[in-house]
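S.K.: Protein chains in written order, with my numbering: chain A, 1 to 153; chain B, 1001 to 1619.
(1) Expressed to the nearest angstrom, what Euclidean distance is found between the alpha-carbon atoms of residue 1479/B and residue 1523/B?
(2) Quick one: is residue 1474/B near chain A, going by C-beta distance under 8 Å?
(3) Counting only Cβ pairs nearer than 7 Å, list the residues of chain B close to residue 106/A.
(4) Let me check one thing: in DSSP terms, what residues is residue 1307/B bridge-paired to?
(5) By the 10 Å Cβ neighbour count, where 16 or more other Cβ atoms means buried, how is residue 1076/B classified, buried or exposed?
(6) What number of angstroms, rounded off, separates the C-alpha of residue 1007/B from the C-alpha of residue 1217/B?
(7) Report the partner residues of residue 41/A according to the DSSP bridge assignment.
(8) Roughly how many angstroms lie between the CA atoms of residue 1375/B and residue 1368/B, to the nearest whole one?
(9) Could you give the distance in angstroms between the alpha-carbon of residue 1373/B and the alpha-carbon of residue 1571/B?
(10) Can you tell me which of the three DSSP states residue 1432/B falls into?
(11) Going by DSSP in three states, residue 28/A sits in which element: helix, strand or coil?
(12) Distance, Cα to Cα, residue 1323/B vs residue 1312/B?
(13) With a threshold of 8 Å between beta-carbons, can residue 13/A be considered close to chain B, or not?
(14) Distance, Cα to Cα, residue 1560/B vs residue 1377/B?
(15) Touching or not, the stretch 1236 to 1253 of chain B and the stretch 1331 to 1340 of chain B, by the rule of three or more beta carbon pairs under 8 Å?
(16) Taking 8 Å as the CB-CB cut-off, is residue 1470/B touching chain A?
(17) Is residue 1092/B closer than 8 Å to residue 1125/B when the C-beta atoms are compared?
(18) State the start and end residues of the unbroken beta strand (DSSP E) segment that holds residue 83/A.
(19) Quick check on residue 1328/B: does DSSP put it in helix, strand or coil?
(20) Which same chain residues, not among the five before or five after residue 1284/B, have their C-beta less than 8 Å away from its C-beta?
(21) For residue 1476/B, which residues of its own chain have a beta-carbon under 6 Å away from its beta-carbon, when the five flanking residues on both sides are left out?
(22) Does DSSP classify residue 76/A as helix, strand or coil?
(23) For residue 79/A, tell me which candidate among 2/A, 49/A, 58/A and 85/A has the shortest Cα-Cα distance.
(24) I want to know whether the stretch 98 to 113 of chain A touches the stretch 1403 to 1421 of chain B - three or more CB-CB distances under 8 Å.
(25) Would you say residue 1517/B lies against chain A (beta-carbon separation less than 8 Å)?
(26) So, with DSSP's three-state summary, where would you put residue 103/A?
(27) Given this structure, state the Cα-to-Cα distance separating residue 1045/B from residue 1166/B, to the nearest angstrom.
(28) Determine the direct distance from the alpha carbon of residue 26/A to that of residue 1494/B, and round the result to whole angstroms.
(29) Would you mind telling me which residues of chain B sit closer than 8 Å to residue 24/A, beta carbon to beta carbon, in chain order?
(30) Relative to the C-alpha of residue 1180/B, which residue among 1029/B, 1497/B and 1416/B is closest?
(31) What span of residues does the beta strand (DSSP E) with residue 1579/B cover, start to end?
(32) Anything in the stretch 1380 to 1409 of chain B with a Cβ closer than 9 Å to a Cβ of chain A? List those residues in chain order, please.
(33) So, at 8 Å on beta carbons, what are the nonlocal neighbours of residue 1089/B in its own chain, with the 5 sequence-adjacent residues on each side left out?
(34) Can you grab the Cα-Cα spacing for the pair residue 1489/B / residue 1529/B, in whole Å?
(35) For residue 60/A, count the other beta carbons within 10 Å of its own beta carbon; 16 or more makes it buried, fewer makes it exposed. Which is it?
(36) Do you know offhand how far residue 1115/B's Cα is from residue 1026/B's?
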């Protein structure tokens, strides 16, 4: 049975991009639905019960984080992959706390998305991917202790 | 009875009483002296009887001696003795001439004495003739007569003794009466003297009192006359008041200098004229003069302010007080009329009133201008806040657009380029160009992200203040190279969107200031919640804000602290919170506080959180 993937993003271009990536990857995955906001995403996850949901964080009506919390609390087998513009270890931690199983930056979609979906399908999590940008050259020490560990547990 | 009559009567009575007392005394003393004379008289009678008996016995003794001796000497003595007897009897008879009993006794004594003398002569004659005389017989013979003589003598003496006793008693009584009279006279005299003294004293006292009263009355009269004179002079001298006296009919009877000055008439011109001459034609026709007099008579006084006429026909604004004058029995005897020229005052009052009206109008104008100004200021503040809000919204919108829209496009471009790069394995030139493109897109993404993050904290709504702050601090530390620490109460939950945004802006502005001005290498941020308040503290260890800048920023919301923080201050106030900045040379602490009425649960949709925002504007 083909792996069913639900996409949730309010930008058509992103949805298109994901579809392209998935189809180019040659994986036998089915895009079973596309949600345009958080509420829709929750509803579709509960209705379609996809294997993986690619969830944008910044969405109208309900953010990806809250949608993740909601479905997690309701109990679901769907693996949740956060797909976001925000590059932040703290946000990543927040996503993990919300019940997400992976965190992928949109800017690193080509590098990480397919890989991350595979990780999730295999029952792993996908957090701590290298950032898009290098830290500023003059930033030697930050007051914030960043959790930078790659975890592929 | 007048005091004088009383005194006269008392004096006359005293004189009469004293006269009576004197007469009584005189009579008493005369009686006393008479009584004493009678006592002496009795003694004298008794002495005379004694003398007679003595002469008789000495003659008897001489006769007996002669009879026995026949001596001539004895005879001579005998003769001498009997020679005194008739004289003594005569004296005795004279002494008792006014007493019948004694007179009778005296007669008996004289008879007995004569009998005895006759007997004696017989014997003596015998002897002298040489005859023998038997003496014892003679003695025997004369014994009888001698006894009779002694008995009569004794009777006279005892009778006289009895009289003596009576007279002595009478003399004593008279002495007592005389003494009493003297004493009574003296007492009466003293009493009368005292009475007279009292009368005199009373009289003198009464006179003194009368004199004193008269003197006082005189003094009062003098003072009163002086007062009257002074008052007349005073009334006459008063210049500002026209004071005149009217008779009951209203004709002028007295006129002072003030009246002359104010009304223009000389006393000689106006006295005798009716006071209606001062009234305007209109008032005269309306019967005002009589009406005023009637009111003054009825009520005691009449007061008014009205136009009156001067001698030259000009009018003046007069304040008139008309007072009725009545005698002790309440009969009207005239009126006093006091008039003052209030023309100037009235004009001044009119001017004042006009000025007041103008002033009131001006004040009203100013007040409304002030209100308009206050309204403008309020509008300005509201506009400022609105601008701030709009600016925030705009930033948020642009920030999100940049991040969520342009950012997505760039991300997708990068994704495609990444894919393209993967496809171009083997074509080094194209690969290199695609690689350049990828780096450019990466830079663009970085740039867009930085700009949008500065414009608006993109994750604030999604994750809340407590999570957004460390996220922001991370970026800040990287950009500014300032080490930051963050502490937050573990139970700190979501707040209303506007409050979270405001606090986040405070943090942003404060950190910008720390970075630009303080020179501090660290910034410590604390987010706490206690006693119904949320507190955000941003502390640095820099050089502090100059006091004058701080004072200025405290005085006015438009200061020189940088528009951002000041604007935030206003924003915070509007949301019911407050901003405190304390600064010293060892650093600055910015504290923003908000009251928390009700925590907003973290799971609630951020849009609905805006709707249920618990804070209200305090403006």
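All C-beta atoms, glycine included, are put in the ideal place defined by N, C-alpha and C.
M.R.: Put simply:
(1) 14 Å
(2) yes
(3) 1408 and 1411
(4) 1317/B
(5) exposed
(6) 29 Å
(7) Per DSSP, none; premise fails for residue 41/A.
(8) 10 Å
(9) 22 Å
(10) helix
(11) coil
(12) 27 Å
(13) yes
(14) Confidence at residue 1560/B is low in this model, with a pLDDT of 46, below 50, so its placement is unreliable and no value can be given for it.
(15) yes
(16) yes
(17) no
(18) 79 to 84
(19) coil
(20) 1276
(21) 1511
(22) coil
(23) 49/A
(24) yes
(25) no
(26) strand
(27) 15 Å
(28) 44 Å
(29) 1419
(30) 1029/B
(31) 1578 to 1584
(32) 1400, 1403, 1404, 1405, 1407, 1408 and 1409
(33) 1052, 1106, 1109, 1110 and 1113
(34) 7 Å
(35) exposed
(36) 50 Å
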